[in-house]
Amino acid sequence: MNNNLVIGDRYDGVLLETIKGSSRPRVRPLEYFDQGIRVEFPRRLREENPLGTRFRADVKVSQKTRNGKPFGSPYLVATDSSIVKLDYKPTKSIKAIKLNTASDRAYEYIEKEFKTEPKLIKFSDFREKAYANSIDEPEKTTSLVSSSNRSDIIKTYALSRANGKCESCDNDAPFLKRNGQPYLEVHHIIELSQGGSDSPKNVAAICPNCHARVTHGQDAQEFNNELKDKIENLEAELE
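Here the sequence shown stands for residues 1 to 239, numbered as in UniProt numbering.
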(Lines of atoms letter the chains of each structure in order from A; the text may use other names.)
(Lines give C-alpha, C1' and ligand atoms only; values in the text may rest on other atoms or scores of the structure.)
Protein backbone atom coordinates (compact mmCIF):
# COMPACT_ATOMS: atom_id res chain seq x y z
CA MET A 1 0.00 0.00 0.00
CA ASN A 2 1.34 3.42 -0.98
CA ASN A 3 0.57 5.98 1.73
CA ASN A 4 2.86 8.65 0.28
CA LEU A 5 1.05 9.60 -2.89
CA VAL A 6 2.69 12.22 -5.07
CA ILE A 7 0.36 14.06 -7.41
CA GLY A 8 1.39 13.43 -11.00
CA ASP A 9 3.16 10.13 -10.34
CA ARG A 10 2.39 7.38 -12.82
CA TYR A 11 2.26 3.63 -12.21
CA ASP A 12 2.47 1.07 -15.00
CA GLY A 13 0.23 -1.98 -15.30
CA VAL A 14 -1.69 -1.69 -12.02
CA LEU A 15 -4.08 -4.58 -11.30
CA LEU A 16 -7.68 -3.33 -10.99
CA GLU A 17 -10.98 -5.05 -10.24
CA THR A 18 -14.64 -4.11 -10.68
CA ILE A 19 -16.70 -4.19 -7.48
CA LYS A 20 -20.17 -3.17 -6.35
CA GLY A 21 -20.56 0.57 -5.81
CA SER A 22 -23.30 2.54 -4.11
CA SER A 23 -25.14 3.25 -7.36
CA ARG A 24 -23.12 1.55 -10.11
CA PRO A 25 -20.04 -0.70 -10.38
CA ARG A 26 -16.74 0.93 -9.49
CA VAL A 27 -13.11 -0.09 -9.78
CA ARG A 28 -10.56 -0.60 -7.03
CA PRO A 29 -6.81 -1.25 -7.15
CA LEU A 30 -5.57 -4.62 -5.91
CA GLU A 31 -1.95 -3.55 -5.45
CA TYR A 32 0.18 -0.56 -4.44
CA PHE A 33 -2.75 1.56 -3.19
CA ASP A 34 -5.41 1.57 -0.49
CA GLN A 35 -8.37 -0.28 -2.00
CA GLY A 36 -10.66 2.56 -0.92
CA ILE A 37 -9.03 5.12 -3.22
CA ARG A 38 -11.28 6.32 -6.04
CA VAL A 39 -10.34 5.20 -9.54
CA GLU A 40 -11.51 7.18 -12.56
CA PHE A 41 -12.25 4.41 -15.07
CA PRO A 42 -14.38 4.24 -18.25
CA ARG A 43 -18.03 3.79 -17.28
CA ARG A 44 -18.71 1.47 -20.20
CA LEU A 45 -16.09 -1.03 -19.06
CA ARG A 46 -17.36 -0.89 -15.48
CA GLU A 47 -20.97 -1.52 -16.45
CA GLU A 48 -20.59 -3.98 -19.33
CA ASN A 49 -18.43 -6.44 -17.40
CA PRO A 50 -19.49 -8.57 -14.40
CA LEU A 51 -18.30 -7.74 -10.90
CA GLY A 52 -14.88 -9.23 -10.24
CA THR A 53 -13.62 -8.54 -13.76
CA ARG A 54 -9.93 -7.68 -13.64
CA PHE A 55 -7.95 -5.25 -15.75
CA ARG A 56 -4.43 -3.93 -15.90
CA ALA A 57 -3.94 -0.26 -16.68
CA ASP A 58 -1.45 2.56 -16.29
CA VAL A 59 -2.71 5.04 -13.69
CA LYS A 60 -1.84 8.60 -12.72
CA VAL A 61 -2.24 10.05 -9.23
CA SER A 62 -4.45 13.14 -9.50
CA GLN A 63 -6.18 15.68 -7.26
CA LYS A 64 -8.73 18.40 -7.90
CA THR A 65 -7.91 22.03 -7.18
CA ARG A 66 -9.96 25.00 -6.02
CA ASN A 67 -8.66 28.54 -6.32
CA GLY A 68 -5.28 27.12 -7.23
CA LYS A 69 -5.04 24.94 -4.13
CA PRO A 70 -5.42 21.16 -3.72
CA PHE A 71 -8.99 20.18 -2.95
CA GLY A 72 -10.32 16.82 -1.80
CA SER A 73 -8.52 13.49 -1.63
CA PRO A 74 -6.08 12.18 -4.24
CA TYR A 75 -7.53 9.71 -6.75
CA LEU A 76 -6.31 7.59 -9.64
CA VAL A 77 -6.99 8.13 -13.34
CA ALA A 78 -6.65 5.11 -15.61
CA THR A 79 -5.15 5.82 -19.04
CA ASP A 80 -7.80 4.57 -21.49
CA SER A 81 -5.36 3.36 -24.14
CA SER A 82 -3.48 1.20 -21.62
CA ILE A 83 -6.48 -0.76 -20.27
CA VAL A 84 -6.37 -4.50 -20.88
CA LYS A 85 -9.05 -6.90 -19.70
CA LEU A 86 -7.57 -10.06 -18.18
CA ASP A 87 -8.82 -13.60 -18.72
CA TYR A 88 -8.79 -14.00 -14.97
CA LYS A 89 -8.93 -17.23 -12.97
CA PRO A 90 -8.07 -16.80 -9.28
CA THR A 91 -5.39 -19.50 -8.98
CA LYS A 92 -3.76 -19.05 -12.36
CA SER A 93 -0.13 -17.99 -12.58
CA ILE A 94 2.36 -18.03 -15.42
CA LYS A 95 5.82 -18.67 -14.08
CA ALA A 96 7.60 -17.70 -17.28
CA ILE A 97 6.41 -14.11 -17.15
CA LYS A 98 5.58 -13.68 -13.47
CA LEU A 99 8.31 -11.10 -12.79
CA ASN A 100 9.18 -9.90 -16.26
CA THR A 101 5.97 -9.14 -18.10
CA ALA A 102 6.75 -6.99 -21.11
CA SER A 103 3.14 -5.99 -21.61
CA ASP A 104 -0.35 -7.04 -20.72
CA ARG A 105 -1.07 -7.73 -24.39
CA ALA A 106 1.53 -10.48 -24.14
CA TYR A 107 -0.02 -11.82 -20.93
CA GLU A 108 -3.48 -11.92 -22.50
CA TYR A 109 -2.13 -13.50 -25.70
CA ILE A 110 -0.28 -16.26 -23.84
CA GLU A 111 -3.36 -17.03 -21.76
CA LYS A 112 -5.42 -17.53 -24.91
CA GLU A 113 -2.76 -19.51 -26.74
CA PHE A 114 -2.06 -21.97 -23.94
CA LYS A 115 -5.71 -22.29 -22.81
CA THR A 116 -4.28 -23.31 -19.45
CA GLU A 117 -5.90 -24.88 -16.45
CA PRO A 118 -4.89 -23.20 -13.18
CA LYS A 119 -1.26 -24.27 -13.19
CA LEU A 120 2.17 -22.88 -14.02
CA ILE A 121 3.40 -22.78 -17.57
CA LYS A 122 6.84 -24.31 -17.86
CA PHE A 123 9.60 -22.14 -19.28
CA SER A 124 10.27 -24.82 -21.92
CA ASP A 125 6.66 -24.59 -23.11
CA PHE A 126 6.87 -20.81 -23.21
CA ARG A 127 10.13 -21.07 -25.17
CA GLU A 128 8.45 -23.35 -27.69
CA LYS A 129 5.63 -20.83 -28.07
CA ALA A 130 8.14 -18.03 -28.63
CA TYR A 131 9.79 -19.97 -31.46
CA ALA A 132 6.41 -20.81 -32.94
CA ASN A 133 5.73 -17.07 -33.14
CA SER A 134 9.10 -16.17 -34.63
CA ILE A 135 9.46 -14.60 -38.05
CA ASP A 136 12.76 -14.99 -39.87
CA GLU A 137 12.04 -12.15 -42.27
CA PRO A 138 9.31 -9.80 -41.00
CA GLU A 139 7.17 -8.40 -43.79
CA LYS A 140 5.96 -4.83 -43.87
CA THR A 141 2.51 -6.13 -44.84
CA THR A 142 2.04 -7.96 -41.54
CA SER A 143 -1.07 -6.61 -39.81
CA LEU A 144 -0.48 -4.22 -36.94
CA VAL A 145 -2.34 -6.36 -34.39
CA SER A 146 -0.68 -9.70 -35.17
CA SER A 147 2.72 -8.04 -35.41
CA SER A 148 2.23 -6.35 -32.05
CA ASN A 149 1.16 -9.59 -30.37
CA ARG A 150 4.04 -11.51 -31.88
CA SER A 151 6.59 -8.88 -30.90
CA ASP A 152 5.26 -8.87 -27.34
CA ILE A 153 5.71 -12.63 -27.05
CA ILE A 154 9.32 -12.44 -28.23
CA LYS A 155 10.11 -9.50 -25.95
CA THR A 156 8.47 -11.21 -22.99
CA TYR A 157 10.45 -14.36 -23.67
CA ALA A 158 13.74 -12.43 -23.68
CA LEU A 159 12.89 -10.80 -20.34
CA SER A 160 11.90 -14.13 -18.86
CA ARG A 161 15.09 -15.78 -20.13
CA ALA A 162 17.17 -13.00 -18.57
CA ASN A 163 15.47 -13.50 -15.20
CA GLY A 164 16.39 -10.02 -13.97
CA LYS A 165 20.02 -10.01 -15.16
CA CYS A 166 21.50 -8.16 -18.12
CA GLU A 167 22.23 -10.68 -20.87
CA SER A 168 25.30 -8.68 -21.87
CA CYS A 169 27.21 -7.77 -18.69
CA ASP A 170 25.45 -10.34 -16.44
CA ASN A 171 24.78 -7.72 -13.77
CA ASP A 172 21.43 -7.46 -12.01
CA ALA A 173 18.91 -5.05 -13.52
CA PRO A 174 19.84 -1.55 -12.28
CA PHE A 175 16.52 -1.03 -10.50
CA LEU A 176 13.00 -2.36 -10.07
CA LYS A 177 10.09 -0.63 -11.75
CA ARG A 178 7.21 0.58 -9.60
CA ASN A 179 5.36 -2.66 -10.26
CA GLY A 180 8.32 -4.66 -8.93
CA GLN A 181 9.61 -5.84 -12.30
CA PRO A 182 13.38 -5.69 -13.00
CA TYR A 183 14.09 -2.93 -15.52
CA LEU A 184 15.79 -4.27 -18.65
CA GLU A 185 15.49 -3.17 -22.26
CA VAL A 186 14.91 -5.60 -25.12
CA HIS A 187 17.33 -5.09 -27.99
CA HIS A 188 17.03 -6.59 -31.48
CA ILE A 189 20.62 -7.58 -32.27
CA ILE A 190 20.01 -7.14 -35.98
CA GLU A 191 17.31 -4.50 -36.38
CA LEU A 192 14.10 -5.64 -38.08
CA SER A 193 14.48 -2.77 -40.55
CA GLN A 194 17.85 -4.27 -41.52
CA GLY A 195 16.39 -7.72 -42.16
CA GLY A 196 16.83 -9.12 -38.66
CA SER A 197 14.50 -11.84 -37.46
CA ASP A 198 11.86 -11.37 -34.79
CA SER A 199 12.96 -14.44 -32.86
CA PRO A 200 14.54 -15.52 -29.55
CA LYS A 201 17.99 -15.75 -31.15
CA ASN A 202 17.88 -12.13 -32.27
CA VAL A 203 16.79 -10.44 -29.04
CA ALA A 204 18.59 -9.73 -25.79
CA ALA A 205 17.30 -8.24 -22.55
CA ILE A 206 20.03 -5.83 -21.48
CA CYS A 207 20.61 -3.01 -19.01
CA PRO A 208 20.32 0.63 -20.16
CA ASN A 209 24.11 1.07 -20.02
CA CYS A 210 24.78 -1.86 -22.34
CA HIS A 211 21.91 -0.78 -24.58
CA ALA A 212 23.43 2.69 -24.91
CA ARG A 213 26.84 1.19 -25.65
CA VAL A 214 25.53 -1.17 -28.33
CA THR A 215 23.67 1.74 -29.92
CA HIS A 216 26.03 4.70 -29.54
CA GLY A 217 29.41 3.35 -28.41
CA GLN A 218 32.61 3.61 -30.46
CA ASP A 219 32.81 -0.18 -30.32
CA ALA A 220 29.08 -0.65 -30.96
CA GLN A 221 29.48 -3.09 -33.86
CA GLU A 222 32.04 -5.25 -32.08
CA PHE A 223 30.00 -5.17 -28.89
CA ASN A 224 26.86 -6.14 -30.80
CA ASN A 225 28.65 -9.07 -32.45
CA GLU A 226 29.79 -10.31 -29.05
CA LEU A 227 26.22 -10.09 -27.81
CA LYS A 228 25.01 -11.97 -30.88
CA ASP A 229 27.42 -14.84 -30.19
CA LYS A 230 26.46 -14.92 -26.53
CA ILE A 231 22.73 -15.17 -27.22
CA GLU A 232 23.19 -17.82 -29.90
CA ASN A 233 25.28 -19.91 -27.47
CA LEU A 234 22.70 -19.42 -24.74
CA GLU A 235 19.87 -20.56 -26.97
CA ALA A 236 21.92 -23.57 -28.07
CA GLU A 237 22.37 -24.55 -24.41
CA LEU A 238 18.62 -24.32 -23.86
CA GLU A 239 17.80 -26.71 -26.69
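Yeah, the Cβ is synthetic: ideal placement off N, Cα and C, and Gly gets one too.
Check	Outcome
Less than 8 Å between the C-beta atoms of Pro200 and Ala130, yes or no?	yes
In this structure, what does DSSP give as the bridge partners for Lys60?	Arg10 and Val77
State the Cα-Cα distance for the pair Asp170 and Lys64, rounded to the nearest angstrom.	45 Å
Just the C-alpha distance for Ile190 and Val14, rounded to the nearest angstrom, thanks.	33 Å
Alpha helix (DSSP H) containing Glu226: first to last residue?	Ala220 to Leu238
Can you give me the start and stop residues for the alpha helix (DSSP H) that Pro174 sits inside?	Unbroken run through Pro174: none, as it is neither H nor E.
Is it buried or exposed, Leu159, if we count other Cβ atoms within 10 angstroms and call 16 or more buried?	buried
Between which two residues does the beta strand (DSSP E) holding Pro29 run?	Arg26 to Pro29
Might you give, ordered along the chain, the residues of its own chain that have their beta carbon closer than 6 Å to the beta carbon of Val186, omitting 5 neighbours on each side?	Lys155, Ala158, Val203 and Ala205
Give a yes or no on whether the C-beta atoms belonging to residue 279 and Leu76 are separated by under 8 Å.	Nothing can be reported for residue 279: it is not among the residues displayed for the chain, which extend from 1 to 239.
CA-CA distance, Leu5 and Pro174?	24 Å
Going by other Cβ atoms of all chains shown within 10 Å of its Cβ, with 16 needed for buried, is Pro50 buried or exposed?	exposed
Exposed or buried, which one is Ser168 when buried takes at least 16 other CB atoms within 10 Å?	buried
Within this structure, are the beta carbons of Ser197 and Ser134 separated by less than 8 Å?	yes
Report buried or exposed for Thr141, applying the criterion of at least 16 other Cβ atoms within 10 angstroms of its Cβ.	A caution first: Thr141 carries a pLDDT of 44, below 50, which makes its placement in the model unreliable, though a value can still be read off. Under this definition Thr141 is an exposed residue.
Find the nearest neighbour of Cys166 within the set Leu184, Asp152 and Lys177, judged by alpha-carbon distance.	Leu184
Going by Cα to Cα distance, which pick from Glu47, Tyr32, Ser23 and Ala220 is closest to Val61?	Tyr32
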